[in-house]
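Have a look at the structure below, then the notes.
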Amino acid sequence: MKFDLAIVNGTVVFPESGLSEVDIAVKDGRIAAILQRGIAQSLAAQTLDASGKYVFPGLIDAHIHFGFAEPVTEYTTETIYAAQGGFSTVIGYFLNNEDYGGVFEREIQHATPRAHVDFAFHFSTASEDHIRGLESYVRKYGVRSFKYFMNFKGEEGRYLGLDGTDDGYLYALLQEAARIGNVTVVLHTENIELVNRIRREMQAGGKSTLRDWSLSKPPFTEAENVVRAMYFAEHHGATIYIPHLSSRMALDEVRRWRERYNRIYVETCPHYLTHTMDADIGSIGKANPPFRAQEDVDALWEGLADGTIDVVASDHVPRKRATKEKGIWQASQGFPGTATILPVLMHEGYHRGRLSIQRIAQLLTSAPAKIFALDSKKGDLRVGMDADITIVDPNLEREVRPEELGSYSDYSLYEGQKLKGWPSMTIVRGVPVMQDGKIVGPAGHGKYLPRY
Ligand SMILES: [Zn+2]
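Going by the working numbering, the letters in the sequence shown line up with residues 660 to 1111, in that order.
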């Protein structure tokens, strides 16, 4: 047979050029041909009928944390969870004070026999050694994205066991990133000095609700730091990426700045599109940045539609529910999220007329692939690229039940809700990994993606 697999009768979603009624042929894990209807079946060993469905490039979650703050890095469970959500690639963050050589070797060894989908890493920079090592991380490990927490400066960083950096550090990091070239610096933007002061006052006043958590980190503390990030980046000509942007105020600053300097990318997360600070879920809803007001939610949807926001990613944190069931100031931050990204965008975005299918594909495939240097293989459906394919059933309604999705985590923000629009198949390099909610691909199929 000329091809291993043919995906026929679906509506193929090309993120850059739009929807097309064509068939896709796969050979040796790559896309071998894009064909007019009726040709591929007779040339392929196996045929998948995608009638009534959308055929997306494999989805990419550019922001996850493997086993964050848990003893074991859970590649098995979290890549199963990703596959359940239609994701064929995940990019995970590490935050260590030690040199990343050791961290990298350890993680690769652990992940390689366990991963069901492909994976890459972002390294967080927190020490002078990390700046000195930056070029070697690019050349030796193919890591091209580095995070810096503007909120872990000084005392706050030392409190967390890091070196405790300052603006001079950020300046030097961006300078080195720009010098190396084709490196993206991910900046957590938060003015921690303001936040700490506001929080102390609130705690002294006995404040303790989810809304209080949000009010302790008002939009100004995000927007002010976004401006500083852009100002620093422009100075060196560095490329920056602002993860989990949550407020209208910060978004408007990005809009203004892009006229002047455009190497700024923006991500938001599903929870900022669906929840406000008045959500009646107590400390389960604790995240950083916090949930905002309805006007911020509306602004983020506008930003997705008009292109101000480039990427939607989960900020997936697979902790147990028990770590959330504490007072608001003690509860852990963040939630599991990869597997519900697509259903949230389909249900709240596509079915409500806020986002087109093509725009959803851009946000989840071509944009993260380009920004994070995966676009030679991932993020589109061109001949020669990896045959990473997500088949999406726009009309499939399913109740979110965490236990069916496979994460180490045991809850979801969307638990018990019915969402319309789910992936029915996740294919990684030509191999079906998830089909109709069942994991059908082996652990160890997922590969590390160096970005040289
Ligand atoms: Zn994160």
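All residues carry an ideal CB built from backbone N, CA and C; glycine is no exception.
- Taking 8 Å as the cut-off, the Cβ atoms of Leu-718 and Thr-1024 count as close.
- Inclusion of Leu-910 and Gly-962 in the CB contact set at 8 Å is warranted, their separation being smaller than that value.
- Shown here, Met-1084 sits in a strand according to DSSP, grouped into three states.
- The C-beta separation of Leu-1108 from Asp-777 comes to about 5 Å, placing the pair in contact by the 8 Å criterion.
- A distance below 8 Å separates the beta carbons of Thr-738 and His-775.
- Counting of Cβ neighbours within 10 angstroms places Val-885 among the buried residues, the total reaching 16 or more.
- In its chain, beyond the 5 residues on either side, Tyr-740, Gln-743, Ala-998 have a beta carbon closer than 6 Å to the beta carbon of Leu-1064.
- At least 8 Å separates the beta-carbon of Val-667 from that of Ala-692.
- Under the three-state reduction of DSSP output, Ile-851 falls in the helix class.
- When Cβ pairs closer than 8 Å are counted between the two stretches, the segment 980–990 is seen not to touch the segment 898–915, the count staying below three.
- Take His-789, set aside five residues on each side of it, and no residue of its chain has a beta-carbon closer than 6 Å to its own.
- The DSSP-derived three-state label of Glu-815 is helix.
- Distance from the CA atom of His-1010 to the CA atom of Asn-1054, rounded to whole angstroms, is 9 Å.
- Tyr-807 has its CB no nearer than 7 Å to any heavy atom of ligand 1.
- If the five residues before and after Met-1044 are omitted, its C-beta is found closer than 6 Å to the C-beta atoms of Ile-690, Lys-1036, all from its own chain and listed in chain order.
- Closest in alpha carbon position to Asp-758, among Glu-794, Val-854, Gln-695, is Glu-794.
- Placement of the Cβ of His-722 at a distance of less than 7 Å from at least one heavy atom of ligand 1 is found.
- Relative to ligand 1, Pro-902 has its C-beta within less than 7 Å of a heavy atom.
- Between the alpha carbons of Ser-905 and Lys-876 lies a gap of roughly 11 Å.
- Within the DSSP secondary-structure output, Leu-694 pairs in a beta bridge with Asp-682.
- Residue nearest to Gln-1076 within the set Arg-1057, Asp-1047, Glu-680, Phe-746 is Arg-1057 (criterion: CA-CA distance).
- Taking a C-beta distance under 8 Å as the contact criterion, Thr-843 and Arg-817 do not qualify as a contact pair.
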